[in-house]
DNA sequence: GCCCATCTTGACCGCTTGGTCAAGTGCTCG
DNA sequence: CGAGCACTTGACCAAGCGGTCAAGATGGGC
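Quick look at the structure:
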């Protein structure tokens, strides 16, 4: 494997497990059994490394989302599939989840995290607006609805997929059901 | 004001604005215009300081939640008031919000944050179970519903109250409406 | 006036960190 | 073979960190 990719992978794992600040460059290169110079041959700084990890992985997630809903006409189904795809992706890339969450609280990455989040919200808003036009969702602020949906996704992903290592389905079913029906409905609309 | 309280307040602000790791003990005491020894006279370590801030504030939040729903019989209304109270508290104590969120990603505080979260979830679960018994909520996993509700609260608090500095009402209305009705219900149950 | 407990000072310490760099190593190509 | 490029090494560095401590201040009670 290429050195660069090795460094990327190793650093991702260590950042995810122990945090960005708590993982030193020395530890990363030690784990790979190489000298420190190798790190600075491929990356100009530790900060740039995390920025690249963040950029690459959020791009991958978005691509997968887009691909999964490309051919779906019904906006409600697009929302459901979007939720399921995201959570499945987080299941397969658990290590990135902690990274996304903590990057938002690390000064130099807060703006990048914010931008990524804005893109995701904008995508969701589009489908929600379509659904409102088609009369499937009541006319409310679409951005707030989008944020709420993302909030549920993130929370259930964190607790059930990340912390408790469950497979994605159960949490995804619950997320879809909650987002569509909320707490109240006594006979939930069956999940497709 | 007492030194101890000054240190607590000053540190809280700085941790919230710039992050725990990014704020040094030297900066805290400089801002107060005192020597470093003062810090270590009142606190045994920087870590203990944050632990105390976390303990104190989460206790205050919980007390306020409990007080606000004490005399309410209907579990559904307890849930709604609980949501509104929490978000109002976060509005009044915005600086603590960032702290709570980031503490979960800082190694030595993750377990404390986890414990606090568990308590909040357990509280919500109780009311949800009551509502299921009374037939107001369909019989689903109460813990998942609780996590979902908390996810919406956290997300809308972060975006509208913390990032955009809006007052709590609009975000709280949206949170309650979404949690009760989800996306689908076309004629939302009016917010009480 | 003096003692002693409480509080304050800031120079100092040991240690870790991100980052540098002169000195290699090994591979390819002329 | 040897020139030169791509890569690797690890000792080294300045900066910053959390934390310590001997040396004062301050002030109330005797």
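Residue numbers (my numbering), protein chains in the order written: chain Z, 973 to 1164; chain C, 973 to 1164.
Note that the Cβ used here is the ideal one computed from N, Cα and C, for glycine as well.
Would you mind giving the Cβ-Cβ distance between residue i and residue j, rounded to the nearest angstrom? I have them listed as a contact below 8 Å.
i	j	result
residue 1105 of chain C	residue 1151 of chain C	Incorrect: roughly 19 Å between the Cβ atoms, too far for contact.
residue 1021 of chain Z	residue 983 of chain Z	6 Å
residue 1088 of chain Z	residue 1030 of chain Z	5 Å
residue 1126 of chain Z	residue 1127 of chain C	7 Å
residue 1113 of chain C	residue 1146 of chain Z	7 Å
Can you find the residues in the same chain that come closer than 7 Å, C-beta to C-beta, to residue i, ignoring five residues on each side of it along the sequence?
i	result
residue 1019 of chain C	1080
residue 1119 of chain C	1093
residue 997 of chain Z	1008, 1011 and 1018
residue 1129 of chain Z	1059, 1062, 1069 and 1143
residue 987 of chain C	995, 1022 and 1071
residue 1001 of chain C	1007, 1008, 1010 and 1011
residue 1156 of chain Z	none
residue 991 of chain Z	1074
Where do the N-terminal and C-terminal ends of the alpha helix (DSSP H) with residue i fall, by residue?
i	result
residue 1007 of chain C	Residue 1007 of chain C -> no alpha helix (DSSP H), and no H or E assigned at all.
residue 1032 of chain C	1018–1041
residue 1090 of chain C	1079–1105
residue 1057 of chain C	1047–1064
residue 974 of chain Z	From DSSP, residue 974 of chain Z is part of no alpha helix (DSSP H); its letter is neither H nor E.
Please decide whether residue i counts as near chain C, where near means a Cβ-Cβ distance under 8 Å.
i	result
residue 1116 of chain Z	yes
residue 1088 of chain Z	no
residue 1084 of chain Z	no
residue 994 of chain Z	yes
residue 1154 of chain Z	yes
residue 1119 of chain Z	yes
residue 1062 of chain Z	no
residue 1150 of chain Z	yes
residue 1079 of chain Z	yes
residue 1038 of chain Z	no
Determine, using beta carbons only, whether residue i comes closer than 8 Å to chain Z.
i	result
residue 1131 of chain C	yes
residue 1099 of chain C	no
residue 1124 of chain C	yes
residue 1127 of chain C	yes
residue 1113 of chain C	yes
residue 991 of chain C	yes
residue 1109 of chain C	yes
residue 1140 of chain C	no
residue 1030 of chain C	no
residue 1074 of chain C	yes
residue 1146 of chain C	yes
With a CB to CB cut of under 8 Å and the five nearest residues on each side skipped, what residues in its chain are close to residue i?
i	result
residue 985 of chain C	1067
residue 1054 of chain C	1037, 1040, 1041, 1095, 1096 and 1099
residue 1082 of chain Z	1075 and 1076
residue 1085 of chain C	1026, 1072, 1075 and 1076
residue 993 of chain C	1078
residue 1134 of chain C	1062, 1066, 1069 and 1070
Who are the Cβ neighbours of residue i in its own chain at under 6 Å, not counting the five residues just before and after it?
i	result
residue 976 of chain Z	1014
residue 1056 of chain C	1144
residue 1049 of chain Z	none
residue 1117 of chain Z	1100
residue 1103 of chain Z	1047, 1048 and 1109
residue 1138 of chain Z	1132
Legend entry - Contiguous alpha helix (DSSP H) assignments of at least 4 residues, all confined to the stretch 1099–1155 of chain C: 1114–1128 and 1140–1153
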